[in-house]
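There are 2 protein chains.
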Amino acid sequence: MPWRDGTGPPWWHGKFRGCGYRLTASRQAILDVLSKTSKHLSAEDIYLKVHKIYPAIGLTTVYRTLELLVQTGMVFKFDFGDGKARYELSEGPRSIGHHHHLVCTGCGRIVDYTDFIDDEIELLNQTEKGLSKKYNFKITNHLIQFYGLCYRCQNIK
Amino acid sequence: MPWRDGTGPPWWHGKFRGCGYRLTASRQAILDVLSKTSKHLSAEDIYLKVHKIYPAIGLTTVYRTLELLVQTGMVFKFDFGDGKARYELSEGPRSIGHHHHLVCTGCGRIVDYTDFIDDEIELLNQTEKGLSKKYNFKITNHLIQFYGLCYRCQNIK
DNA sequence: TTTATTAATGATAATGATTGTCATTAACAT
DNA sequence: ATGTTAATGACAATCATTATCATTAATAAA
Ligand SMILES: [Mn+2]
Ligand SMILES: [Mn+2]
Ligand SMILES: [Zn+2]
Ligand SMILES: [Zn+2]
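So the protein lines, in turn, are chains A and B. Counting in my numbering, the first sequence runs from 114 upward without gaps. Counting in my numbering, the second sequence runs from 114 upward without gaps.
This is the structure:
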């Protein structure tokens, strides 16, 4: 199975073609930006970055592409409470894998964490199983966020 | 300890006075609505309900009051992905206590669940302790949501 | 109880993230 | 190379939320 190391054609080539979607310059540029950052970018953040290397793109296309990427599971969409959605690549060579977030309610700082994920997975699997049966829900995803104050914001009087 | 049963003066009387906030008719009406429902109401939902018994109220005041109630911890604010914030009383005689949510991505249905809360509390306490130390965060709150399809939406082809 | 202080309110306008429209472009199967 | 039509970009529209500001009323002082 070639190209698993990211040295060949971009790993998402097949993702699009397989679903009948066209691989356009806009979509490649957006995925490029997402795959080169560890930040949690808003649609406008992404637009501004893409615009530098592909000035023809429009903000509307960024929104449409992000919606598509979220629907197909390639990107996660988050709400951290600052009024704009944030996006993050869900998989690929550069992603840190399954993780959750610490959100500072003082300054908005976001910390990715992967600690306790094993214990968490076990509890969540059990919980998902129980909830699926009890409420007849087909669970596909979950969200965990911790809120608090980062080290900076704790020391502001 | 009187009034624990909700038969005396509203339990939130002291909450306001203690913080230096005035207990106005608007605020009482909003808390009344929130304490009489188990739904997850938007600001406009609340406005419409309050308006029936207190027509002088404005939507702006509903937003301002909700912000105050969230800041003081009396109300929780949620984003279930439908573009408007949802509010829920965090404590009081009628609240079901600490719980989390199942969100149907098909129709938006919300289910409160309290199952596995004990196991969850244990894992989260441990996680919070670990994350607090590792990332120097003072954690105050957490959010857990499961996403999936409710029994209705599973059977739509 | 009357009065003074000022937090709270409501009408209205403004904001800003996101979505809808539609003529034009370009990806890709043939 | 060509045709089909998904995708795009410019622009307008939507709509939840926030800002402004003159007026009202909750509370404490007299
Ligand atoms: Mn992240
Ligand atoms: Mn609830
Ligand atoms: Zn902070
Ligand atoms: Zn449903």
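By construction, the Cβ of each residue, glycine as well, lies at the ideal position given by its N, Cα and C atoms.
> In chain A, what lies closer than 8 Å to Leu-181(B) by C-beta?
Replying inline: Within chain A, no residue comes near Leu-181(B); the closest Cβ sits about 16 Å away, beyond 8 Å.
> Taking 7 Å as the cut-off, is the CB of Glu-233(B) close to at least one heavy atom of ligand 2?
Replying inline: no
>> What does the Cβ neighbour count give for Cys-220(A), buried or exposed, with the cut at 16 atoms within 10 Å?
In response: exposed
>> Under 6 Å, CB to any heavy atom of ligand 2. Which residues pass, going along the chain?
In response: His-153(B), Glu-201(B), His-212(B), His-214(B) and Asp-225(B)
>> So for Gly-243(A), helix, strand or coil by DSSP?
In response: Looking at Gly-243(A) - three-state DSSP - the assignment turns out to be helix.
> Relative to chain B, which residues along the segment 239-255 of chain A have a C-beta separation below 9 Å, given in chain order?
Replying inline: Gln-239, Thr-240, Glu-241, Gly-243, Leu-244, Ser-245, Lys-247, Tyr-248, Asn-249, Phe-250, Lys-251, Ile-252, Thr-253, Asn-254 and His-255
> In chain order, what residues of the same chain have a beta carbon less than 6 Å from the beta carbon of Thr-218(B), not counting five sequence neighbours either side?
Replying inline: Tyr-260
>> Looking at ligand 3, does it come within less than 7 Å of Gly-221(B), judged from the CB to the closest heavy atom?
In response: no
> According to DSSP, which residues form a beta bridge with Ile-252(A)?
Replying inline: Gly-261(B)
>> Within 10 Å of its beta-carbon, does Ala-156(A) have 16 or more other beta-carbons around it, so buried, or fewer, so exposed?
In response: Ala-156(A) counts as buried, since at least 16 other C-beta atoms from the protein chains shown sit within 10 angstroms of its C-beta.
> Taking Cβ-Cβ distances shorter than 9 Å, what residues in chain B pair up with Phe-189(A)?
Replying inline: Here the premise fails: no neighbours, minimum Cβ distance about 11 Å.
> In the segment 220-235 of chain A, which residues sit with their C-beta less than 8 Å from some C-beta in chain B, listed in chain order?
Replying inline: Val-224, Tyr-226, Asp-228, Phe-229, Asp-232 and Glu-233
>> For the structure I just gave you, are there three or more beta carbon pairs, one from the segment 240-247 of chain A and one from the segment 182-201 of chain A, closer than 8 Å?
In response: no
> Among the residues of its own chain, which have a CB less than 6 Å from the CB of Thr-227(A), if the five just before and after it don't count?
Replying inline: His-212
> For Lys-251(A) versus Leu-262(B), is the C-beta spacing smaller than 8 Å?
Replying inline: Yes, the pair counts as a contact, with Cβ atoms nearer than the cut-off.
> I think Asp-192(A) touches Asp-192(B), with their Cβ atoms under 8 Å apart; what is that distance to the nearest whole Å?
Replying inline: Yes, Asp-192(A) and Asp-192(B) are in contact; Cβ-Cβ is about 4 Å, under 8 Å.
> Can you find at least 3 beta carbon pairs, one from the segment 135-143 of chain A and one from the segment 173-180 of chain A, that sit closer than 8 Å?
Replying inline: yes
> So which residues of chain B does Asp-192(A) contact, with C-beta pairs closer than 7 Å?
Replying inline: Asp-192
> Per DSSP, what kind of secondary structure is Glu-235(A) in: helix, strand or coil?
Replying inline: Here Glu-235(A) sits in helix by DSSP.
> Quick one: does Tyr-264(A) have its CB under 8 Å from some CB of chain B?
Replying inline: yes
> Would you say Leu-236(B) and Leu-236(A) are within 8 Å of each other, going by their C-beta atoms?
Replying inline: yes
> On the premise that Trp-124(A) lies in contact with Met-187(A), defined as a C-beta separation below 8 Å, what is that separation, rounded to the nearest angstrom?
Replying inline: Contact flag wrong, Cβ pair sits at about 10 Å.
>> Can you find the residues in the same chain that come closer than 6 Å, C-beta to C-beta, to Thr-174(A), ignoring five residues on each side of it along the sequence?
In response: Ser-139
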